[in-house]
Every structure is written in structure tokens, then in C-alpha cells.
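Note that UniProt numbering has the sequence shown beginning at 1, numbered continuously upward.
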Amino acid sequence: MGHSEPEIKGFLKSRRAALDPAELGLPEGVVRRRVRGLRREEVAQRAGISVDYYTRIEQGRAPAVSDSVVDGLARALRLTPSERTYLRNITLPRRRAGEPDPDPRPRVRPEIQQLLNAMDGTVPAYVYGPAMDVLAWNTLGTRLGIDYAAIPEERRNGPLLVFLDPRMREIHPNWAEVADDTVAGLRAETGRHPGSSRVCRVTHELLERSEEFRRRWEAQEVQERTRGVKRFRHPEAGELVLRFEAFVLPADPGQMLCTYTADEGSATAEALKVLAGAAAVA
């Protein structure tokens, strides 16, 4: 089984280029640097491995990369925890060509849908799957902007909606920030599900159809945001400020529950009550 050579090469080269040799106390050397960042031999030395082995890793030719080597590279390149996980994932052996996709679109258990329904009325909530597919939601979740039931299943996908559905720019007043987070999250998904044809299809469609996506993808940012604040612009309720939390569902590999809550007594909390009432009438 081989590795994803373009992913490994692009990622490691970009992380090398992002570091300032002077900041790390590295000399200019006899020959001036032709490109910014660290040389391969400098990364190898900082990681405690040979230059030849590092070169094979970067080119996707190393048959197996141990956790200790990944840790060494993470230290050498000053990777974040998300980037370290991504490097670990993309250096793992991958499926042979022709093998079935190990993660077809998963189904959400009835118990999880019951949980979503129980939160309806106060907490918009969703379940995301591999490739950031939207697998399930509650009614209040659709009131924030997108009625997922009205979209073909294949198109119920966070990145596809963010970059290809013009409504998302209206829904999110800080669309550029949402777009950055979405791309960083999809790259993390690429590492987590390296053999997934669904992740590949979503990524390739966006690379072909969206210049905004392509520019962000080439930046090689990797980040998994499991909590934070999101802003929504609603035509009736105005601007909503919601705190989101993402929870891994241990019994459902690849699935994540995401909830949105408003600060108690805030204007957003009152607006959610209005939206919940409108959803109940509808």
C-alpha cells in the first residue's frame, strides 16, 4: 500500500517554507538560500533522522513512518497538534487502488436523531460525517439558513455549500473566516480518511470549481475547530451570535455532533425562541 505523495510533499514543503532559519538560530551558510524556509537537511537534523530518510518521507517513498519519527518531525517543523495528527494520518499506509471505499456515507442511529429532536426548540444541532457531510439535523438547525431536506443527499456537505452555494455568503457575515476554517477542517478530514473516495470527490470538485477554495487549499493549513463562536445573518431575526461545540460520537466512527447555543438572556437567545416558534408553526 502506498502513501499520498502529493499530500505529503505539499504539506512538508509548505511547513519547511513557513519557518524562519534565523529565528531558529540556523546560519545562512556558504551558499545563499534559494528558497525561503528550512532546507531538507536542516529538518532532518532537527528531527534526528538522516537526510536520505527525510527525503524519502517527503516524496512519499518511505514504507512505514513510526510515531517517534512523526513526533521528531512535528518538533522540527513546529507543527500544531492538528498538523501533527494530519502528518501521522497521511504517512500511514493507504488502500490499494480498486479496494472498496471503507467509509460509504454513514447513517445516523435513531437514538442520535432522537437526541437532536430533544434539543429542538432551544439548540440548533447537526451531525457531521466524513468529508464534513451533513448527515442529520433538527428543525431549529434548518432555521439558521439552509433546509438540508430540500437539498439532494450528495450535496449536503459543508465545504460544497460554503464555496458553491451563494446563500452561505449571505448567512455568514464573516464568510471569509468560515471559509478558512472549512478548508482547514477538510484537510484534516483528508488525513483522517486517506482512502475515502467521498473526501476526494468533494476536494476535487472544489479545486475545479472554486478559485477561493483553491487558493486556501494551497496554503496547506490544517486545523480542527471543536469549539468557538459563529455568526449568522437571518432575514427575520437579524444577526445571531452562537457558541458551537463539537462532540465526537464514540460509538459512531467518523461522526460528530455539533451544537449551537446562545448566551443566556442575550438578544440571540430571544431570537432563537422566535425562530423555534416559527419552526413549530411551519
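In this text, a Cβ means the ideal position worked out from N, Cα and C, and glycines have one as well. Since the model is a prediction, treat every value here as computed from it, not as a measurement.
| message | Here's the rule I'm using: 16 or more other beta-carbon atoms within 10 Å means buried, otherwise exposed. How should residue 59 be labelled? | response | exposed
| field | Rounded C-alpha distance that separates residue 19 from residue 77 | value | 7 angstroms
| Sub-8 angstroms separation of residue 239 and residue 173 beta-carbons | yes
| request: Check whether the Cβ atoms of residue 57 and residue 91 sit closer than 8 angstroms, and answer yes or no. | output: yes
| query | Is the CB-CB distance between residue 7 and residue 203 below 8 angstroms? | reply | no
| task | Can you tell me which of 213, 81, 209, 152 puts its alpha carbon nearest to the alpha carbon of residue 181? | result | Cα-wise, what sits closest to residue 181 is 213.
| Element boundaries [alpha helix (DSSP H), containing residue 46] | 40 to 47
| Excluding the five sequence neighbours on either side, which residues of its own chain have a C-beta within less than 7 angstroms of the C-beta of residue 31, listed in chain order? | Reliability fails at residue 31, whose pLDDT of 48 lies under 50, so the model's placement of it is uncertain and the value that follows must be treated cautiously. Nothing listed; no residue qualifies.
| message | With three or more beta-carbon pairs closer than 8 angstroms as the criterion, would you say the region 256 to 271 touches the region 110 to 130? | response | yes
| said: As an exercise, report each continuous beta strand (DSSP E) stretch of at least 3 residues that is fully enclosed by the region 124 to 186, in chain order. | reply: 125 to 128, 134 to 137
| Under 8 angstroms between the Cβ atoms of residue 223 and residue 185? | yes
| message | Pop quiz: residue 187 and residue 221 are said to be a contact at Cβ under 8 angstroms. What is the actual Cβ separation, rounded to whole angstroms? | response | Yes, residue 187 and residue 221 are in contact; Cβ-Cβ is about 7 angstroms, under 8 angstroms.
| said: For a quick check, are the C-beta atoms of residue 178 and residue 237 less than 8 angstroms apart? | reply: no
| task | Sort out for me which residues DSSP pairs residue 284 with in a bridge. | result | This structure cannot speak to residue 284, because the chain is shown only from 1 to 282.
| Per DSSP, what kind of secondary structure is residue 313 in: helix, strand or coil? | Residue 313 lies beyond the residue range present for the chain, which begins at 1 and ends at 282; the question has no answer from this structure.
| field | Beta-carbon proximity of residue 22 to residue 37, cut-off 8 angstroms | value | no
| query | Looking at the unbroken beta strand (DSSP E) that takes in residue 227, where does it start and where does it end? | reply | 227 to 234
| Under 8 angstroms, do residue 161 and residue 138 count as touching if we go by C-beta distance? | no
| said: Let me confirm a value: residue 216 is counted as buried when at least 16 other C-beta atoms fall within 10 Å, else exposed. Which label applies? | reply: Classification for residue 216: buried.
| request: Tell whether a beta-carbon distance below 8 angstroms holds between residue 171 and residue 232. | output: yes
| query | Residue range of the alpha helix (DSSP H) that residue 246 falls in? | reply | Counting along the chain, residue 246 falls outside any alpha helix (DSSP H), though it belongs to the beta strand (DSSP E) covering 238 to 248.
| request: Give the secondary structure of residue 37 by DSSP, where H, G and I count as helix, E and B as strand, and everything else as coil. | output: coil
| Integer Cβ distance of residue 64 from residue 53, believed to fall under 8 angstroms | With 8 angstroms as the limit, residue 64 and residue 53 do not qualify as a contact, their Cβ atoms being about 11 angstroms apart.
| said: Quick check on the DSSP output: the alpha helix (DSSP H) that includes residue 85 runs from which residue to which? | reply: Start and end: 81 to 90.
| query | Can you tell me the Cα-Cα spacing of residue 245 and residue 69, whole angstroms? | reply | Pairing residue 245 with residue 69, the inter-Cα distance amounts to about 32 angstroms.
| What is the C-beta distance between residue 129 and residue 159, in whole angstroms, given that I count them as a contact (C-beta under 8 angstroms)? | The pair is not a contact, with the Cβ atoms about 13 angstroms apart (cut-off 8 angstroms).
| Since residue 206 is in the alpha helix (DSSP H), which residue starts that stretch and which ends it? | 197 to 209
| query | On the three-state DSSP scale, how would you describe residue 14? | reply | helix
| field | Distance between beta carbons of residue 131 and residue 229, contact taken as under 8 angstroms | value | Residue 229 to residue 131, Cβ: 24 angstroms. No contact.
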